[in-house]
Every structure is written in structure tokens, then in C-alpha cells.
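Residue numbers (my numbering), protein chains in the order written: chain D, 1 to 355; chain S, 356 to 588.
We put the CB at the ideal spot given by N, CA and C, even for glycine.
Being a predicted model, the structure only gives us computed values, none of them experimental.
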Amino acid sequence: MSQTRSTVGVTPVGDLVLAIETSCDETAAAVVDRARVVRSSVVSSQVDQHARFGGVVPEIAGRAHVERLVPVVAEALVEAGLSGHELDAVAATCGPGLIGSLLVGVSSAKALSLVWDVPFVAVNHLEAHLYAALLEEPDLELPMVVLLVSGGHTMLVLMEEHGRYRLLGSTLDDAAGEAFDKVARFLGLGYPGGPAVDALAVEGDSSAFAYPRPLVRENPATLPEDRRFAFSFSGLKTAVLNHLRADPDAATADVVASFQEAVVDTLVTKARWAVEATGVGSVCLGGGVAANSRLRERFLDMADGAGVRAFLPPPSMCTDNAAMVAAAAWWQLQREGPSPLDTGADPNLGLRLVP
Amino acid sequence: MLILGIESASGQVGCAVGGHEGVLASAHAGRGRRHAEALGPQIDFVRRQAGIELSELGAIAVDVGPGLYTGLRVGIAAAVSMAYALRVPMIGVSSLDLLAFPARWTSRLIISALDARRGELFVAMFRRVPGGIQRVADPRVCTPADLVADLEVDEERTLLVGDGALRYADSFSGLRGIELAEQGLANPSARALVQLAHARAMREEFVQPWDLEPVYLRKPDAEINWATREGRA
Ligand SMILES: [Zn+2]
Numbered sequence: 001m002s003q004t005r006s007t008v009g010v011t012p013v014g015d016l017v018l019a020i021e022t023s024c025d026e027t028a029a030a031v032v033d034r035a036r037v038v039r040s041s042v043v044s045s046q047v048d049q050h051a052r053f054g055g056v057v058p059e060i061a062g063r064a065h066v067e068r069l070v071p072v073v074a075e076a077l078v079e080a081g082l083s084g085h086e087l088d089a090v091a092a093t094c095g096p097g098l099i100g101s102l103l104v105g106v107s108s109a110k111a112l113s114l115v116w117d118v119p120f121v122a123v124n125h126l127e128a129h130l131y132a133a134l135l136e137e138p139d140l141e142l143p144m145v146v147l148l149v150s151g152g153h154t155m156l157v158l159m160e161e162h163g164r165y166r167l168l169g170s171t172l173d174d175a176a177g178e179a180f181d182k183v184a185r186f187l188g189l190g191y192p193g194g195p196a197v198d199a200l201a202v203e204g205d206s207s208a209f210a211y212p213r214p215l216v217r218e219n220p221a222t223l224p225e226d227r228r229f230a231f232s233f234s235g236l237k238t239a240v241l242n243h244l245r246a247d248p249d250a251a252t253a254d255v256v257a258s259f260q261e262a263v264v265d266t267l268v269t270k271a272r273w274a275v276e277a278t279g280v281g282s283v284c285l286g287g288g289v290a291a292n293s294r295l296r297e298r299f300l301d302m303a304d305g306a307g308v309r310a311f312l313p314p315p316s317m318c319t320d321n322a323a324m325v326a327a328a329a330w331w332q333l334q335r336e337g338p339s340p341l342d343t344g345a346d347p348n349l350g351l352r353l354v355p
Numbered sequence: 356m357l358i359l360g361i362e363s364a365s366g367q368v369g370c371a372v373g374g375h376e377g378v379l380a381s382a383h384a385g386r387g388r389r390h391a392e393a394l395g396p397q398i399d400f401v402r403r404q405a406g407i408e409l410s411e412l413g414a415i416a417v418d419v420g421p422g423l424y425t426g427l428r429v430g431i432a433a434a435v436s437m438a439y440a441l442r443v444p445m446i447g448v449s450s451l452d453l454l455a456f457p458a459r460w461t462s463r464l465i466i467s468a469l470d471a472r473r474g475e476l477f478v479a480m481f482r483r484v485p486g487g488i489q490r491v492a493d494p495r496v497c498t499p500a501d502l503v504a505d506l507e508v509d510e511e512r513t514l515l516v517g518d519g520a521l522r523y524a525d526s527f528s529g530l531r532g533i534e535l536a537e538q539g540l541a542n543p544s545a546r547a548l549v550q551l552a553h554a555r556a557m558r559e560e561f562v563q564p565w566d567l568e569p570v571y572l573r574k575p576d577a578e579i580n581w582a583t584r585e586g587r588a
């Protein structure tokens with residue numbers, strides 16, 4: 001007579017995870033071995049389809065994900081040199097993101113897990129971003145401070161151990177990436193704004209204009225505790241737009257360089273404060289804005305000055321990809337086991353935080 | 356050949372498995388928009404009830420729409436993924452064909468009308484032919500008023516079937532020779548999908564998962580607005 005056993009903590013968890021990421025406008029699939037070796041990582045960007053609208057159009061994204069899903073998954077398996085039956089788990093991002101896009105990946109991953117008879121794992125997209133740095137640095141020591149900056153999020157997180165996150169602060173209004181996009185659109189630099197700003201800023205003088213550094217003081221103790229690690233980019237964005245209206249002849253490269261410097265200065269200063277306040281030995285950068293060259297440069301300098309190790313994922317792992325989802329899924333599988341088959345998607349899913 | 360059918364184009368979501376013996380097992384949830392939550396467990400349940408392994412499936416059938424976009428994509432994403440992983444072909448069936456299928460014994464003209472939201476309907480027309488029914492016009496989007504005008508001109512004995520027909524029942528009640536199919540037939544069903552797909556599988560009307568095309572019938576709003584603004588409508 002056979003007995004039903006709980007698989008959690010009993011059956012050793014396999015190492016090869018296929019993950020699917022469809023939370024926004026990239027259709028991505030990847031195979032990662034033991035949360036460290038990237039066997040394949042395929043990203044099909046829809047940026048061309050959204051560019052003329054100046055932002056991501058949810059219905060266009062949903063349609064494109066359905067169209068690209070199978071080719072992207074197939075390519076990830078071929079590149080990894082694996083057949084589906086050799087996999088140990090199938091994961092998908094279940095939030096936060098666009099609901100109609102998330103559901104495509106979740107639905108696909110569940111179907112694949114049923115056919116290949118392996119666990120399904122539903123992954124939090126924000127948690128996945130935290131894991132991007134660990135892909136390259138498996139020996140990275142926790143606790144560490146993570147600065148997560150993207151078009152949708154700007155936050156400082158203390159990663160105490162795997163699955164244990166403490167939020168130090170987040171943005172009160174616009175995300176940093178959003179500010180980049182809006183300033184770029186105002187200047188007619190096209191979409192997405194981040195890379196355009198990065199490229200143009202190189203040619204400008206970052207000290208040409210003194211834009212505000214929101215919620216930054218000489219001494220962090222002079223800020224109220226709940227604002228110390230918080231961000232606010234809406235006022236900075238407005239200051240730039242007002243300046244441009246008042247002084248339309250200002251050199252675009254100088255404006256962009258000065259604006260970027262203000263954003264980077266704010267991000268890096270708060271990251272340094274977080275390192276000092278928590279006493280951790282490592283600090284890591286994640287999210288789409290982490291691909292910004294000036295931020296990377298200043299972040300490394302900051303870590304150097306603070307005497308801590310800095311971890312920067314390669315730019316390809318900063319923007320949305322499925323390898324980071326696979327890595328987060330593997331750790332989650334160790335801790336919590338598979339996700340139930342009736343898991344849905346949650347467009348507003350937050351990082352599960354310790355109080 | 357054993358076929359698994361997935362249907363999620365309307366407010367309902369369902370799954371069935373069957374073959375030449377007919378439908379062996381089916382599951383169906385009729386409420387709300389939680390298609391993605393329901394579908395995974397349904398596939399597993401139906402497989403167990405039918406007493407088969409998924410590896411025994413010879414094809415995956417799916418409702419390709421028209422329908423409610425998000426629900427539709429949940430079903431199609433699951434179906435193309437299964438077909439790809441099993442290395443089996445697919446059969447795509449229109450939601451409007453599925454609506455008409457259970458009404459195939461009527462001698463009347465059949466019009467299937469799914470609720471397309473925003474005051475519109477997805478509509479197709481079917482006529483009885485030897486051995487079944489045949490679609491006589493391509494699926495289209497129209498308002499209930501458009502459909503009423505057509506029915507008034509045609510004056511043919513007609514059966515209206517679908518949740519769209521029921522939603523706008525008042526618009527059709529004054530017309531002569533029009534009958535409305537009951538609530539039980541108002542949504543496309545996974546059982547009908549497996550039956551219809553089996554007939555098509557016998558004729559080898561297959562499509563590969565990477566070639567399967569959803570039928571939306573409407574462009575995304577952003578594209579419509581953009582085309583209007585650029586004067587390219
Ligand atoms: Zn992201």
C-alpha cells in the first residue's frame with residue numbers, strides 16, 4: 001500500500017529550473033542550474049511594438065506574449081541542450097505586473113509542469129530582481145543591502161536571509177525609472193528613456209545645473225525616521241521640466257547629465273546610509289535602472305568608500321529576464337516547496353516583508 | 356485519438372478529454388474571472404477522471420475566440436504550452452462554432468452571439484447542411500441594433516444562442532420568428548470543443564502550437580486611437 005507523503009523537506013529538490021517571465025513587455029524564458037549556472041536566458045523584447053505609444057500598452061503586451069511564448073520557451077530549452085523531461089521544476093512570475101501579461105506566463109508554466117510532472121513555482125518579480133546579483137555571485141554573503149531601481153520600483157531592502165526581507169524605504173511617488181522616462185519624453189529623446197538619458201549624459205556637464213536631491217541632508221539623523229531611506233522623484237522631475245520651460249535654450253546634454261547626477265546622487269547617498277545603519281558587509285544593485293552606467297560607477301565608489309563588497313549584476317540581468325526568476329524559484333522551492341496549481345497572478349503583489 | 360480541450364473564451368472556464376468514444380471526462384467552472392486559478396486543477400482532475408496519462412493525448416484543442424481577451428489568453432497559453440511539451444498538434448475552434456454546435460438539430464438558421472462587452476456582440480451565422488451545420492458568414496463584431504436590423508430584413512426563422520443574445524434579449528423579443536436558446540447553452544463548452552475537435556482531427560485539420568492564432572476581432576484600443584490620431588483609420 002502506498003502512502004502519501006509531504007514532499008516539502010523530504011524529497012530532495014532537483015536543480016534544473018525553467019522559468020518564464022511575462023510581467024511587463026519582455027517575453028523571457030531561462031534554464032538555471034542550482035540557482036547559479038545560467039544554462040540559457042532568452043529575452044524577446046516588445047519595445048518596438050510599444051515605442052510609438054510612449055509606454056507599455058497592456059493589451060498589445062498580452063497579445064505579444066501569447067505569440068512569442070512557445071518560441072521563447074523552445075529556444076531556452078534548445079540553448080540549454082535539454083529536453084523538458086530533464087527539468088526539475090517550472091516557474092513563472094506571478095506578480096507584480098500587468099495582469100493580462102502575468103497570466104500568460106503563469107498559465108503556461110502550470111501546463112508545462114503538468115506535462116513534465118514537475119513542481120510549479122510562482123515567483124514574486126521583485127524577489128527575482130533581488131536574486132539577479134546572486135546568479136553571478138553564489139557565495140555572496142547575507143545579510144546585505146539591496147538597492148532595487150526600475151521603472152516601477154525604487155526601494156532599499158535589507159535581505160537578512162533567503163526569503164527574509166526588511167524594507168528600509170521606498171519611493172513616495174515616482175519610481176526612478178519613471179522619472180528618467182518622463183524627462184526623456186519631455187526632451188523628445190524617445191522611449192524607453194533610461195538608455196537615451198544614459199547615452200546623452202556622457203556628452204554633458206553634470207554640474208551645469210543644480211537640481212534638487214530630494215530627501216537628502218548632510219546628516220541623515222535630521223530626517224524623520226520614516227523618510228530617512230525614502231525616495232521622492234516627482235519634485236525633481238518637475239524642477240527639470242520647469243527649468244526647461246524657463247530656459248528653453250539650455251543645452252540638452254547638460255540638462256540630462258545634471259538630472260541624472262541628481263537621481264544617482266540621491267540613490268547612492270541613501271544606499272550608503274543604509275549600509276552604515278545596518279552594518280552589513282555587502283551591498284547590491286538590481287532592477288532596470290541598475291544598467292545605468294553612471295549609477296554603476298558611483299555605486300562602486302560608494303561601496304569602496306564604505307569598505308563593503310558591492311555586487312552589480314551584468315546589465316542583461318538588471319532588466320527583466322527569466323534567469324533571475326529561476327534563481328529565486330530554486331531558493332523558494334528549498335524553503336517552501338511547490339506552489340499550488342490554483343495559484344493566480346497578483347498585479348499588486350508586494351515583497352513579503354518581515355515586520 | 357485522445358484529445359484534451361480547453362475553453363476559456365467567455366465568463367466560464369472548462370476542460371474536457373475525449374475521443375472516438377465521446378467525452379470521457381470534463382470540468383467546468385461558471386463564475387467570475389478566475390480562469391487561471393481554475394484551469395490547472397481542472398486539467399489534472401479531468402486527466403484522473405478519464406483514467407489517462409497526459410502522454411496518451413494525441414492532440415490539444417482550444418477555443419481560439421472571439422471572446423474576453425484575458426480569459427482567452429489563459430486558455431490559449433496553457434493549450435499551446437501543453438501541445439508543445441507533448442509534441443502533439445493542435446485544433447483551434449471558434450467560440451462561435453462551439454456555441455452553435457449543441458443547437459445543430461434545429462431546422463432554423465442559427466446565429467451565435469457572444470457578449471463582447473462595451474455594448475457589442477461577437478456574431479456568426481450557421482445553416483444546417485447534411486451531416487451537421489456550416490458557418491455561412493465570417494465572425495464579426497456588431498451592436499445589438501445592427502443584429503436586429505439584419506434580422507428584420509431577413510425575416511427568417513432563427514435561433515439566437517449565446518450569452519450576448521440573452522443579455523440583449525429585450526432587443527430581440529419583438530421580432531417575428533426569433534427564438535432564444537436557453538441559459539444552459541449560453542456559453543461555449545469544453546465538451547462541445549472535444550466533440551467538434553475530434554471530427555476535425557479525423558479530417559486532419561491540425562495546426563502547430565507556434566502557428567495557432569487567437570481570434571480577437573478587434574484591434575487593441577491604443578492602436579485604434581493612434582490610427583485615428585494619425586489620420587490612418
Ligand atoms: Zn522588473
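* **Short CB-CB distance (under 8 Å) between glycine 84 of chain D and chain S** => For the purposes of this step, residue 84 of chain D is taken as the residue at position 84 of the first sequence. Closer than 8 Å to some Cβ of chain S, the Cβ of glycine 84 of chain D qualifies, so yes.
Query - Where valine 354 of chain D sits in the DSSP three-state scheme - result: Locating residue 354 of chain D in the first sequence gives position 354, counting from the first residue. Of the three classes helix, strand and coil, the one that applies to valine 354 of chain D here is coil, per DSSP.
Using a Cβ-Cβ cut-off of 8 Å, state whether phenylalanine 53 of chain D counts as contacting chain S.
-> Residue 53 of chain D sits at position 53 when you count from the first residue of the first sequence. Proximity of phenylalanine 53 of chain D to chain S, defined by a Cβ-Cβ separation below 8 Å, is satisfied.
If you measure between the beta carbons of alanine 416 of chain S and valine 570 of chain S, is that distance less than 8 Å? Within the second sequence, residue 416 of chain S is the residue found at index 61, counting from 1. Within the second sequence, residue 570 of chain S is the residue found at index 215, counting from 1. No, the Cβ-Cβ distance between alanine 416 of chain S and valine 570 of chain S is not below 8 Å.
Worksheet item: For alanine 433 of chain S and chain D, any beta-carbon pair shorter than 8 Å?
Response: Taking the second sequence and counting its residues from 1, the one referred to as residue 433 of chain S is at position 78. Alanine 433 of chain S counts as touching chain D.
**Prompt:** Which residues, in chain order, does the region 376-389 of chain S contribute to contact with chain D at a C-beta distance below 8 Å?
**Reply:** Here the close residues are Arg389.
Which of helix, strand or coil does DSSP assign to glycine 377 of chain S?
-> Position 22 of the second sequence, counted from the first residue, corresponds to residue 377 of chain S. Correct three-state label for glycine 377 of chain S: strand.
key: Members of the region 67-93 of chain D near chain S, C-beta cut-off 8 Å   = So the close ones are Leu69, Val70, Pro71, Val73, Ala74, Gly84.
Original post:
At a Cβ cut of 9 Å, what residues of the region 335-354 of chain D count as close to chain S, listed as they run along the chain?
Top reply: From the region 335-354 of chain D, only Pro340, Leu341, Asp342, Thr343, Gly344, Ala345 have a Cβ closer than 9 Å to chain S.
Open item on the list: Tell me the DSSP secondary structure of valine 216 of chain D in three-state form.
Closed with: Walking along the first sequence from the start, residue 216 of chain D turns up at place 216. Three-state DSSP puts valine 216 of chain D in coil, outside helix and strand.
is_contact[glycine 194 of chain D, chain S] using C-beta, thresh 8 Å: Here residue 194 of chain D corresponds to residue number 194 of the first sequence, with the count starting at 1. Taking Cβ atoms only, chain S never reaches closer than 8 Å to glycine 194 of chain D, which makes this a no.
**Prompt:** Comparing the C-beta of tyrosine 439 of chain S with each C-beta of chain B, is any distance below 8 Å?
**Reply:** In the displayed structure, chain B is absent; the protein chains listed are D and S.
### Message
Against chain S, does glycine 62 of chain D count as a neighbour if the rule is that its beta carbon must be under 8 Å from one of theirs?
### Response
Position 62 of the first sequence, counting from 1, holds the residue named residue 62 of chain D. The beta carbon of glycine 62 of chain D sits closer than 8 Å to some beta carbon of chain S.
- Query: For glutamate 336 of chain D, does the count of other Cβ atoms within 10 angstroms reach 16, so buried, or fall short, so exposed?
  - Reply: Counted from its first residue, the first sequence places residue 336 of chain D at position 336. With fewer than 16 other beta carbons inside 10 angstroms of its own, glutamate 336 of chain D counts as exposed.
* Asked: Taking aspartate 254 of chain D as the reference, which of D:Leu215, D:Glu203, D:Leu16, D:Gly81 has the closest Cα?
  -> Locating residue 254 of chain D in the first sequence gives position 254, where the first residue counts as 1. For aspartate 254 of chain D, the closest of D:Leu215, D:Glu203, D:Leu16, D:Gly81 by C-alpha to C-alpha distance is D:Glu203.
How big is the Cα-Cα spacing for glutamate 136 of chain D and leucine 158 of chain D? Numbered from its first residue, the first sequence carries residue 136 of chain D at position 136. Numbered from its first residue, the first sequence carries residue 158 of chain D at position 158. Cα atoms of glutamate 136 of chain D and leucine 158 of chain D: separation of roughly 19 Å, rounded to the nearest angstrom.
Length of the line joining the Cα atoms of threonine 513 of chain S and leucine 441 of chain S
If you number the second sequence from 1, residue 513 of chain S lands on position 158. If you number the second sequence from 1, residue 441 of chain S lands on position 86. It is roughly 42 Å from the alpha-carbon of threonine 513 of chain S to the alpha-carbon of leucine 441 of chain S.
query = What residues of chain D sit near leucine 409 of chain S, judged by a beta carbon separation below 7 Å?
reply = If you number the second sequence from 1, residue 409 of chain S lands on position 54. Those within 7 Å of leucine 409 of chain S in chain D are Leu114, Val115.
| query | Mapping DSSP to helix, strand and coil, what is phenylalanine 186 of chain D? | reply | Taking the first sequence and counting its residues from 1, one reaches residue 186 of chain D at position 186. In this structure, DSSP gives phenylalanine 186 of chain D a helical state, which the three-state scheme calls helix.
Worksheet item: Does the beta carbon of serine 108 of chain D sit closer than 8 Å to a beta carbon anywhere in chain S?
Response: Position 108 of the first sequence, counting from 1, holds the residue named residue 108 of chain D. Taking 8 Å as the CB threshold, serine 108 of chain D lines the interface with chain S.
- Do we get a CB-CB distance below 8 Å when we pair leucine 394 of chain S with the residues of chain D? Stepping through the second sequence from its first residue, residue 394 of chain S is reached at position 39. Any Cβ of chain D closer than 8 Å to the Cβ of leucine 394 of chain S would place that residue at the interface, and such an atom is present.
From the beta carbon of leucine 360 of chain D, is the nearest beta carbon of chain S less than 8 Å away? In the structure as shown, chain D begins at 1 and stops at 355. Residue 360 of chain D is therefore absent and cannot be evaluated.
What residues in its chain sit with their C-beta under 6 Å from that of glutamate 475 of chain S, if we drop five residues either side in the sequence? Numbered from its first residue, the second sequence carries residue 475 of chain S at position 120. Val496, Thr498.
Requested in this report: With hydrogens ignored, establish whether the beta-carbon of aspartate 320 of chain D is closer than 7 Å to any heavy atom of ligand 1.
Outcome: Counted from its first residue, the first sequence places residue 320 of chain D at position 320. Yes, the Cβ of aspartate 320 of chain D comes within 7 Å of a heavy atom of ligand 1.
* Can you give the Cα-Cα distance for phenylalanine 299 of chain D and alanine 91 of chain D, rounded to whole angstroms? -> Here the question's residue 299 of chain D lines up with position 299 in the first sequence. Here the question's residue 91 of chain D lines up with position 91 in the first sequence. Here the alpha carbon of phenylalanine 299 of chain D sits roughly 31 Å from the alpha carbon of alanine 91 of chain D.
Practice prompt. Would you list the residues sitting across from serine 170 of chain D in a DSSP beta bridge?
Written response: Sequence index remark: in the first sequence, residue 170 of chain D carries index 170 (1-based). According to DSSP, which records beta bridges pairwise, serine 170 of chain D is partnered with D:Met155.
Comparing C-alpha positions only, which one of S:Ala552, S:Glu568, S:Arg459, S:Pro485 sits nearest to alanine 536 of chain S? Within the second sequence, numbered from 1, the residue matching residue 536 of chain S stands at position 181. Cα-wise, what sits closest to alanine 536 of chain S is S:Arg459.
Determine whether the Cβ of glycine 100 of chain D lies closer than 8 Å to any Cβ atom of chain S.
On the first sequence, residue 100 of chain D is found 100 positions in, with the first residue counted as 1. For glycine 100 of chain D, a Cβ of chain S is located within less than 8 Å of the residue's own Cβ.
Determine the chain D residues that contact arginine 472 of chain S at a beta-carbon separation under 7 Å, and present them in chain order.
-> Reading the second sequence from its first residue, position 117 is the one you call residue 472 of chain S. Residues of chain D passing the Cβ test: none, with the nearest at roughly 13 Å.
For cysteine 284 of chain D: DSSP bridge partner residues:
Looking up residue 284 of chain D in the first sequence gives position 284. For cysteine 284 of chain D, DSSP records a beta bridge to D:Val146, D:Phe311.
Flag glycine 474 of chain S as yes when its Cβ comes closer than 7 Å to any non-hydrogen atom of ligand 1, and as no otherwise.
Your numbering for residue 474 of chain S matches position 119 in the second sequence. Incorrect: glycine 474 of chain S has no Cβ contact closer than 7 Å to ligand 1.
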